[in-house]
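Q: Residue numbers (our numbering), protein chains in the order written: chain A, 1 to 212; chain B, 1 to 212.
Right, I'll just put the structure down here and ask away after.
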DNA sequence: CTTCAATTTGACCGCGCGGTCAAAAAAATC
DNA sequence: GATTTTTTTGACCGCGCGGTCAAATTGAAG
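In structure tokens:
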């Protein structure tokens, strides 16, 4: 059995190859749809050899999810109370969109998991995600109270940012089918989403900013 | 073998029970994750009996998809060139949100299919969806050209409507985990999305409407 | 070169899968 | 009530699945 943490070069290399292959397969087929043979073949290993590095299919998936959650939540963590509200939010949108562009498989892995009722991430959803979102929603609410953003429900604002940005990774096939060839979905999305959120978050009328 | 179209009462009843059960199972587990035994049990039939009504797992899935596409695209078809642009768009958002609320399983079935590369709906995507979206995008573009809507990319506006509304069905587990108990996600979403899209589509400045 | 641990493999297992089939049971028809 | 057609069922099949294991191969250390 390999040590609990990769030690040798070969362990490092093969573990990485397995996780990379598993990400590809899991994200495209879902947990049940993925097979160890597919993952093993993609990783360039035999199935028993793969199971020499990970004790089970579940374990591979769990490892992927663990790694994913950190990366996925980081942009939200960076939302800074000291920054300009509009810049902070738009930067967040942009970072999330870049995440969808650069890590679409991770996005689909997560989507697959949630779609199927999140049987393996219920814990983190309550223990990690909810507190973080509540915290940042409170921050946004305070910005709104100060009249620095238009009044909108902070939780649903965050949902809408997740939805619109992840859409380009999760529904990539549909987006490209509808747009047809000759488009750069992510570049267009960046421009569109900046406008969408800026327009809807700019304070107006009674709630106008004090310095304008 | 049953006739091509349900004839007797019992055929009608069992076919419906199968499709209802299959929707439940497919939408929660995806195509590969679903099993005929699960569907049969939910439908209250034995597996061979189920296969007396449908020739294969594929056929059941195909039937569901066929029924789904019509319902799913209807709201977009209703976008009316003669109506008020803002009302038309906001009504569309509302209808899509109601669809997510009332038919979340259909939404997840579709999401599952797209996530996995749309192996069984590539045709309709190009032949039905794209032309319809292009048509309605042109309509929106004409409204923008008339200064009756703020200038945004119509295709991506439609994407953002799909993304934000379907999010509440597809990511239901996550939404409820983050909001916690005591919330009505769809009621809150309706209010939020009306504000979001109204704010971002209201023409301002140079593009202001002529009659205001 | 030897030794010993780390790695890889082929053969195998039990199970659940999608699907078949012949025969029994129920309905419908006369 | 006999006959015919529709519906239901239990037994079964081949296959691919996740996973095991003993043995072979390779690599590192002396």
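Even glycine gets a Cβ: it sits at the ideal position worked out from N, Cα and C.
None of these values were measured; they are calculated from a predicted model.
Where does residue 214 of chain B sit, in a helix, a strand or coil, going by DSSP?
A: No answer is possible for residue 214 of chain B: it lies beyond the span of chain B, which begins at 1 and ends at 212.
Q: Output the boundary residues of the alpha helix (DSSP H) element that contains residue 195 of chain A.
A: Position 195 of the first chain, counted from the first residue, corresponds to residue 195 of chain A. Where residue 195 of chain A is concerned, the enclosing alpha helix (DSSP H) stretches over 185-201.
Q: For residue 80 of chain A, does the three-state DSSP call read helix, strand or coil?
A: Sequence index remark: in the first chain, residue 80 of chain A carries index 80 (1-based). In the structure shown, residue 80 of chain A sits in coil (DSSP, three-state: anything other than H, G, I, E or B).
Q: Name the chain A residues whose beta carbon is nearer than 8 Å to that of residue 129 of chain B?
A: The sequence position of residue 129 of chain B within the second chain is 129, counting from 1. Those are 174, 177, 178, listed as they occur along chain A.
Q: At a Cβ threshold of 8 Å, is residue 30 of chain B touching chain A?
A: Walking along the second chain from the start, residue 30 of chain B turns up at place 30. Closer than 8 Å: yes.
Q: Return the chain-ordered ranges of every beta strand (DSSP E) run that is complete within the stretch 126-179 of chain B and spans a minimum of 3 residues.
A: With a minimum length of 3 residues, no continuous beta strand (DSSP E) run stays inside the stretch 126-179 of chain B.
Q: Give a yes or no on whether 8 Å exceeds the smallest Cβ distance from residue 50 of chain A to chain B.
A: Numbered from its first residue, the first chain carries residue 50 of chain A at position 50. So, not an interface residue.
Q: What separation, rounded to the nearest whole angstrom, lies between the Cα atoms of residue 102 of chain B and residue 182 of chain A?
A: Here residue 102 of chain B is taken as the residue at index 102 of the second chain, counted from 1. Here residue 182 of chain A is taken as the residue at index 182 of the first chain, counted from 1. Approximately 36 Å between the Cα atoms of the pair.
Q: Hey, residue 79 of chain B and residue 177 of chain A are a contact pair by Cβ (cut 8 Å); roughly how many whole angstroms apart?
A: One-based indexing of the second chain puts residue 79 of chain B at position 79. One-based indexing of the first chain puts residue 177 of chain A at position 177. Between residue 177 of chain A and residue 79 of chain B the Cβ distance is about 20 Å, and since that is not below 8 Å, they are no contact.
Q: Three-state secondary structure (DSSP) at residue 116 of chain A?
A: Looking up residue 116 of chain A in the first chain gives position 116. Residue 116 of chain A falls in the coil class under three-state DSSP.
Q: In whole angstroms, what is the alpha-carbon distance linking residue 110 of chain B and residue 121 of chain B?
A: As a working mapping, residue 110 of chain B is identified with position 110 in the second chain. As a working mapping, residue 121 of chain B is identified with position 121 in the second chain. Rounded to whole angstroms, residue 110 of chain B to residue 121 of chain B spans 9 Å at the Cα level.
Q: Compare the C-alpha of residue 28 of chain A against each of A/129, A/156, A/104 and name the closest.
A: Numbered from 1 along the first chain, position 28 holds the residue referred to as residue 28 of chain A. The option with the nearest alpha carbon to residue 28 of chain A is A/104.
Q: Please confirm whether residue 96 of chain B and residue 161 of chain B have their CB atoms less than 8 Å apart.
A: On the second chain, position 96 is the one that residue 96 of chain B refers to. On the second chain, position 161 is the one that residue 161 of chain B refers to. Cβ atoms of residue 96 of chain B and residue 161 of chain B: closer than 8 Å.
Q: Between the C-alpha atoms of residue 192 of chain A and residue 198 of chain A, what's the straight-line distance to the nearest angstrom?
A: Numbered from 1 along the first chain, position 192 holds the residue referred to as residue 192 of chain A. Numbered from 1 along the first chain, position 198 holds the residue referred to as residue 198 of chain A. Taking the straight line from one Cα to the other gives about 10 Å.
Q: CB-CB under 8 Å to residue 17 of chain A, same chain, minus the five flanking residues each way: which ones, in chain order?
A: For the purposes of this step, residue 17 of chain A is taken as residue 17 along the first chain, with counting starting at 1. Around residue 17 of chain A: 43, 44, 45.
Q: Report back the beta-carbon spacing between residue 173 of chain B and residue 117 of chain A to the nearest angstrom; my notes put them in contact at under 8 Å.
A: Translated into the one-based positions of the second chain, residue 173 of chain B becomes position 173. Translated into the one-based positions of the first chain, residue 117 of chain A becomes position 117. Indeed, because the Cβ distance is near 6 Å, the residues count as touching under 8 Å.
Q: For a contact meaning CB atoms closer than 8 Å, what does residue 116 of chain B contact in chain A?
A: Within the second chain, residue 116 of chain B is the residue found at index 116, counting from 1. Per Cβ cutoff of 8 Å: 28, 29, 30, 33.
Q: List the residues of chain A whose Cβ lies closer than 9 Å to the Cβ of residue 188 of chain B, in chain order.
A: Here residue 188 of chain B refers to the residue found at position 188 of the second chain. Result: 153, 155, 156.
Q: Any idea what DSSP makes of residue 40 of chain A, helix, strand or coil?
A: Taking the first residue of the first chain as position 1, residue 40 of chain A is located at position 40. Of the three classes helix, strand and coil, the one that applies to residue 40 of chain A here is helix, per DSSP.
Q: State the start and end residues of the unbroken alpha helix (DSSP H) segment that holds residue 31 of chain A.
A: For the purposes of this step, residue 31 of chain A is identified with residue 31 of the first chain, where counting begins at 1. Taken as a continuous stretch (DSSP letters only), the alpha helix (DSSP H) holding residue 31 of chain A covers 9-33.
Q: Roughly how many angstroms lie between the CA atoms of residue 190 of chain B and residue 48 of chain B, to the nearest whole one?
A: In the second chain, counting from the first residue as 1, residue 190 of chain B sits at position 190. In the second chain, counting from the first residue as 1, residue 48 of chain B sits at position 48. Cα to Cα, the separation comes out at about 45 Å.
Q: Give me the chain B residues within the contact set of residue 8 of chain A, using Cβ-Cβ distance strictly less than 8 Å, ordered along the chain.
A: To locate residue 8 of chain A, count along the first chain from 1; it is residue 8. By Cβ distance, chain B contributes nothing, its closest Cβ being about 36 Å from residue 8 of chain A, past 8 Å.
Q: For the candidate residues A/94, A/148, A/155, whose alpha-carbon lies nearest to that of residue 135 of chain A?
A: Counting from one through the first chain, the residue named residue 135 of chain A turns up at place 135. The residue with the shortest Cα to Cα distance from residue 135 of chain A is A/155.
Q: Which residues mark the beginning and the end of the alpha helix (DSSP H) in which residue 99 of chain B is found?
A: Position 99 of the second chain holds residue 99 of chain B. Note, residue 99 of chain B: alpha helix (DSSP H), 85-102.
Q: Report yes if the C-beta distance between residue 64 of chain A and residue 128 of chain A is below 8 Å; otherwise report no.
A: On the first chain, position 64 is the one that residue 64 of chain A refers to. On the first chain, position 128 is the one that residue 128 of chain A refers to. In this structure, residue 128 of chain A does not lie closer than 8 Å to residue 64 of chain A by Cβ.
Q: Going by CA-CA distance only, name the one from B/84, B/14, B/150, B/170 that's closest to residue 115 of chain A.
A: The residue labelled residue 115 of chain A in the question sits at position 115 within the first chain. Comparing Cα positions, the closest option is B/170.
Q: Any beta carbon from chain B within less than 8 Å of residue 200 of chain A's own beta carbon?
A: In the first chain, residue 200 of chain A corresponds to position 200, counting from 1. Cβ-Cβ to chain B under 8 Å: yes for residue 200 of chain A.
Q: Is residue 170 of chain A close to chain B? Criterion is C-beta to C-beta, closer than 8 Å.
A: As a first step, residue 170 of chain A must be located in the first chain, where it is residue number 170. With 8 Å as the cut-off, residue 170 of chain A counts as an interface residue toward chain B.
Q: Can you look up residue 4 of chain B in the DSSP assignment and give me helix, strand or coil?
A: The residue you call residue 4 of chain B lines up with position 4 of the second chain. Per-residue confidence for residue 4 of chain B stands at a pLDDT of 45, beneath the threshold of 50, marking its modelled position as unreliable; no derived number is given.
Q: Applying the criterion that 16 or more other CB atoms from any shown protein chain within 10 Å of the CB defines a buried residue, is residue 8 of chain A buried or exposed?
A: Numbered from its first residue, the first chain carries residue 8 of chain A at position 8. So residue 8 of chain A ends up on the exposed side.
Q: Rounded to whole angstroms, how far is the Cβ of residue 81 of chain B from the Cβ of residue 139 of chain B, which I believe are closer than 8 Å?
A: Here residue 81 of chain B corresponds to residue number 81 of the second chain, with the count starting at 1. Here residue 139 of chain B corresponds to residue number 139 of the second chain, with the count starting at 1. That pair is a contact at about 5 Å.
Q: Measure the C-alpha to C-alpha separation of residue 13 of chain B and residue 166 of chain B and round it to an integer number of angstroms.
A: The residue labelled residue 13 of chain B in the question sits at position 13 within the second chain. The residue labelled residue 166 of chain B in the question sits at position 166 within the second chain. When rounded, the distance between both Cα atoms is 30 Å.
Q: For residue 123 of chain A, which of helix, strand or coil comes out of DSSP?
A: Here residue 123 of chain A refers to the residue found at position 123 of the first chain. DSSP places residue 123 of chain A in helix when its eight states are reduced to three.
Q: Which two residues bound the contiguous alpha helix (DSSP H) that contains residue 48 of chain A?
A: Taking the first chain and counting its residues from 1, the one referred to as residue 48 of chain A is at position 48. Per DSSP, residue 48 of chain A belongs to the alpha helix (DSSP H) from 47-53.
Q: Give the DSSP-derived three-state secondary structure of residue 211 of chain B in the structure shown.
A: By 1-based counting over the second chain, the position of residue 211 of chain B is 211. Unreliable positioning characterises residue 211 of chain B in this predicted model, as indicated by a pLDDT of 49, which lies under 50. A coordinate reading is not provided.
Q: Rounded to whole angstroms, how far is the Cβ of residue 204 of chain B from the Cβ of residue 150 of chain B, which I believe are closer than 8 Å?
A: Numbered from 1 along the second chain, position 204 holds the residue referred to as residue 204 of chain B. Numbered from 1 along the second chain, position 150 holds the residue referred to as residue 150 of chain B. So it is a contact: roughly 7 Å between Cβ atoms.
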